[in-house]
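Everything on this sheet refers to the single structure shown next.
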Amino acid sequence: MIPAYNAADTIGQQLEALICQESAPPFEVVVADNRSTDGTAEVARHFSNRLDIRVVPAFERQGVNCARNAGIQAARGEIVVLLDADDRARPGVLAAFADAFAKEPALGIAGGILSTRDPATYEMEHPQWYLPYLPGCIMAIRREVIDAIGGFDESFVGGHDEVDFCWRAQHAGFPIGLARGALLDRTDRPTPRSAFRQFRRYGATYIQLWVKHRDRGIPGSTVRGELQMLRKTLRRVPDLRSRDLPRRLDAAQAIGWNVGRWQGDLHYRTLGPR
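In my numbering, the protein residues as written are 109 to 382.
Here you go:
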């Protein structure tokens, strides 16, 4: 299923990618329209002659997790695959997910890999030095997991919702793992300003994630650690004026991340992990 908000210009490439899936089992496509005003639903319906596709409303509130939950509820399959409207799945994604669940009947969640990573060596990341997680932009979930733990936490706005979901699944006893043949071409933010905003949200929700799960013994930060991080962050500010775009983007991401973390710290009156 694909959560979508004002994705009329991008969702077509993702739907074309689904048409091009190789050796895939039968599947339906559910697009959860999250209050779009640009004709996203109409663009998706244009693919009805080539895909088994439905557009469902996700109007209760704005946010990707509201859309994900609405789409998950509408989906009929025992395995629900999550993709984003502005990315592009490689041709073997659905076959790789089907194979992963067939090989491991106990597997609760399978995750794909961004095409910028080496699928042979990539390993799941462990945020906050705790449990691993899988990216929500290319994730396959067994229906049994959803029935057991519920959907995505809609209080997360801007990131770390998939980390929370994967952690809750593992707390409930469901293993997670990689489907190494499921590769995704992701669309990154193109400007330093948009990258800063994205990573500021990531930083803030990183603290939200810790506040929700810190009773599991995950350590936070210290005043000394934050002062060190402040010095590192200030040293990156001149890079925002670099003529090298990748350097500017990297600096915007690093600065945005820490600004977001500090915003989260202030909001929750705490010192969350770095």
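Backbone N, C-alpha and C define an ideal beta-carbon position, used for all residues, glycine too.
Gly285: CB within 7 Å of a non-hydrogen atom of the ligand SAH: In terms of ligand content, the structure shown is empty, and the ligand SAH therefore cannot be addressed.
Can you tell me which of Val367, Ile326, Gly325 and Ala290 puts its alpha carbon nearest to the alpha carbon of Lys453? The first residue shown for the chain is 109 and the last is 382, placing residue 453 beyond what the model contains.
One question on the structure: do Ala312 and Gly219 come within less than 8 Å of each other, judged by their Cβ atoms? no
Using CA atoms only, rank isn't needed, just tell me which of Phe304, Leu338, Gln316 and Arg322 is closest to Arg355. Taking only the C-alpha atoms, the option nearest Arg355 is Phe304.
Using the Cβ count rule (16 or more neighbours within 10 Å means buried), how would you classify Ile127? exposed
By the three-class DSSP mapping on this structure, what secondary structure does Pro235 have? helix
Provide the residue(s) that pair with Asp117 in DSSP beta bridges, ordered along the chain. DSSP links Asp117 through a beta bridge to no other residue.
What span of residues does the beta strand (DSSP E) with Leu342 cover, start to end? From DSSP, Leu342 is part of no beta strand (DSSP E) but of the alpha helix (DSSP H) over Val331 to Arg344.
May I have the straight-line CA-CA distance separating Tyr238 from Asp293, to the nearest angstrom? 27 Å
Taking the alpha helix (DSSP H) that Leu348 belongs to, which residues open and close that run? Segment: none, Leu348 is in no alpha helix (DSSP H) and carries neither H nor E.
Stretch pair the region 268-281 + the region 235-251: three plus CB contacts closer than 8 Å: yes
Tell me where the alpha helix (DSSP H) around Gly179 begins and ends. DSSP places Gly179 inside the alpha helix (DSSP H), whose first and last residues are Val172 to Ala182.
Quick check on DSSP: helix, strand or coil for Gly219? DSSP places Gly219 in the strand class (E or B) of the three-state scheme.
Among Glu334, Arg158 and Trp318, which residue has its Cα nearest to the Cα of Pro327? Trp318
Backbone secondary structure at Leu190 - three-state DSSP: In this structure, Leu190 counts as strand in the three-state DSSP scheme.
Is it the case that the Cβ atoms of Met247 and Leu291 are separated by a distance below 8 Å? no
Coil, strand or helix - Pro165 by DSSP: strand
Give the DSSP-derived three-state secondary structure of Pro134 in the structure shown. coil
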